[in-house]
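For what it's worth, our numbering labels the leading residue of the sequence shown as 460, then goes sequentially. Data block below; observations after.
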Amino acid sequence: MNPSEITIAVTVYSHPQFARQAVASALSQSVPVRVVVVEDCSPDPTLESFIKAEFGSRIEYIRNPKRRGIFGNWNACIEQCRTEWLSILHDDDFLAPNFVAAMLMLAGHAPGLDFYFGQTVLVNERSEPLPDNRYQKLKEPWVKLGLADVIYGSPLAFPGQLFRVSSAKSLGGFRASSYYCGEWEMWAKLIARSGAAQTSEVVAFFREHDAWNRGTNRMLRSGKNIPVTIVQHKRVLALFPPAARPKFDRADYLRHSLIPVLFLLRYASSFSPRLLRYYSRMLLLSPAPHWRYAVFQRMTRIGGAGFIKLASKLWCRMNRN
460 MNPSEITIAV TVYSHPQFAR QAVASALSQS VPVRVVVVED CSPDPTLESF IKAEFGSRIE
520 YIRNPKRRGI FGNWNACIEQ CRTEWLSILH DDDFLAPNFV AAMLMLAGHA PGLDFYFGQT
580 VLVNERSEPL PDNRYQKLKE PWVKLGLADV IYGSPLAFPG QLFRVSSAKS LGGFRASSYY
640 CGEWEMWAKL IARSGAAQTS EVVAFFREHD AWNRGTNRML RSGKNIPVTI VQHKRVLALF
700 PPAARPKFDR ADYLRHSLIP VLFLLRYASS FSPRLLRYYS RMLLLSPAPH WRYAVFQRMT
760 RIGGAGFIKL ASKLWCRMNR N
């Protein structure tokens, strides 16, 4: 791997206030690489002129003929990539200046893989680090990962990855119809193919948004995220060789990924009756990590799905502005 074989593709749609920082972070790498901006038919008619005025000939600007959606746009990045290695960066996230250098060093330590990534820090809309960073720090300078490391979830927030384009194409690209687990599915397929490696260096920053109508928040509000996650968990299990393939075990899954009570309090008031019943059953099957969780389970056992919806309505009334 060398810098001439690497492209950073910045996907843009509706965040001009953040896109400047995203593109600038790709262009400010200590080891320069090709940078393209891929616009997914933004409703903002000034976005292209804004980006071009800011960065000029330092970038290549590509606009999809029609809107393809988040994972379809990632496939557009793959299709437009003229190098063997690609990193996709959302317009509201940004890279550390050492990202490319860290990936080159990591590939030197662990050659021949299809997927490399580093540590990601969660930040707020003001680019300030959040105290609750759900991505655990590595104790070693770098580690290799196998399929067993991604059974229960994606190993990284989206920025800060580098993958082999030819391998992604051979796997059919990202699932364009996916609306939640598309990246986890691709990373798992690449890892099943050749393994992956992660550096302990911080290489990227993932921005969390509080807005109630944000795409991720809409998914959480619908309640479909956990059923979709379980489907993807089963897909990962199916990638194991037949002789070593684990069977799906709902109790085992819930030991690793129990239903969070705070998630239910925040979002269950907007769930459909069917999903409320689904979550009440899943909650009662989850192992209680502490007495407060056990109390919530007991109340659910008594009041059923109606208790969860009532508790969520009360919580939202007290906590939402």
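For every residue, glycine included, the Cβ atom is placed at its ideal position computed from N, Cα and C.
If you run the structure through DSSP and keep just helix, strand and coil, what is residue 479?
For this step, residue 479 is matched to residue 20 along the sequence shown. Here residue 479 sits in helix by DSSP.
Does the segment 609-624 touch the segment 497-510, meaning 3 or more C-beta pairs lie closer than 8 Å?
no
From which residue to which residue does the beta strand (DSSP E) around residue 603 run?
Within the sequence shown, the letter at position 144 stands for residue 603. Taken as a continuous stretch (DSSP letters only), the beta strand (DSSP E) holding residue 603 covers 601-604.
Would you list, in sequence order, the uninterrupted beta strand (DSSP E) runs of no fewer than 3 residues that lie entirely inside the segment 585-661?
601-604 and 620-623
For residue 724, which option in 469, 520 and 774 has the closest C-alpha, if you only look at C-alpha atoms?
By 1-based counting over the sequence shown, the position of residue 724 is 265. The shortest Cα separation from residue 724 among 469, 520 and 774 belongs to 774.
Let me know if residue 613 comes out buried or exposed under the rule of 16 or more other beta-carbons within 10 Å of its beta-carbon.
Translated into the one-based positions of the sequence shown, residue 613 becomes position 154. Buried is the call here.
Where does residue 490 sit, in a helix, a strand or coil, going by DSSP?
Locating residue 490 in the sequence shown gives position 31, where the first residue counts as 1. In this structure, residue 490 counts as coil in the three-state DSSP scheme.
With a 10 Å radius around its C-beta and 16 neighbouring C-beta atoms as the bar for buried, classify residue 642 as buried or exposed.
Start at 1 with the first residue of the sequence shown, and residue 642 comes out as number 183. Per the 10 Å Cβ criterion, buried.
Please classify residue 780: is it buried, with 16 or more other beta-carbons within 10 angstroms of its beta-carbon, or exposed?
Locating residue 780 in the sequence shown gives position 321, counting from the first residue. Per-residue confidence for residue 780 stands at a pLDDT of 49, beneath the threshold of 50, marking its modelled position as unreliable; the derived number appears in the next sentence. Exposed is the call here.
Relative to the alpha-carbon of residue 541, which residue among 495, 582, 532 and 577 has its alpha-carbon at the smallest distance?
Along the sequence shown, read from residue 1 onward, the residue named residue 541 stands at position 82. The shortest C-alpha separation from residue 541 is found at 495.
Can you list, in chain order, the stretches of the alpha helix (DSSP H) that have 4 or more residues and sit fully within the segment 530-593?
558-568
For residue 470, list the residues DSSP reports as bridge partners.
Within the sequence shown, residue 470 is the residue found at index 11, counting from 1. Residue 470 pairs with 497 and 549.
Have a look at residue 549 and residue 652 and give me their C-alpha separation to the nearest angstrom.
Along the sequence shown, read from residue 1 onward, the residue named residue 549 stands at position 90. Along the sequence shown, read from residue 1 onward, the residue named residue 652 stands at position 193. Their Cα atoms are separated by approximately 25 Å.
Could you give the distance in angstroms between the alpha-carbon of residue 527 and the alpha-carbon of residue 460?
What you label residue 527 is simply residue 68 of the sequence shown in a count that begins at 1. What you label residue 460 is simply residue 1 of the sequence shown in a count that begins at 1. Distance between the alpha carbons of residue 527 and residue 460: 30 Å.
Quick test of your reading: residue 735 and residue 767, contact by CB under 8 Å. State the CB separation rounded to the nearest angstrom.
What you label residue 735 is simply residue 276 of the sequence shown in a count that begins at 1. What you label residue 767 is simply residue 308 of the sequence shown in a count that begins at 1. Residue 735 to residue 767, Cβ: 6 Å. Contact.
Inter-residue CB distance, residue 552 and residue 481 (contact presumed, cutoff 8 Å)
Locating residue 552 in the sequence shown gives position 93, where the first residue counts as 1. Locating residue 481 in the sequence shown gives position 22, where the first residue counts as 1. At roughly 6 Å, the Cβ-Cβ gap stays under 8 Å, so residue 552 and residue 481 are in contact.
Is residue 688 near the ligand ATP, in the sense that its beta carbon is under 7 Å from a heavy atom of that ligand?
Absence of the ligand ATP is noted for the structure shown, with no ligands found whatsoever.
Between the CA atoms of residue 750 and residue 714 - distance to the nearest angstrom
Counting from one through the sequence shown, the residue named residue 714 turns up at place 255. Counting from one through the sequence shown, the residue named residue 750 turns up at place 291. If you take the alpha carbons of residue 714 and residue 750, they lie about 16 Å apart.
Counting only runs of 3+ residues fully inside the segment 737-762, write out the beta strand (DSSP E) ranges in chain order.
none
Over the uninterrupted alpha helix (DSSP H) stretch that includes residue 521, give me the two end residues.
Within the sequence shown, the letter at position 62 stands for residue 521. From DSSP, residue 521 is part of no alpha helix (DSSP H) but of the beta strand (DSSP E) over 519-522.
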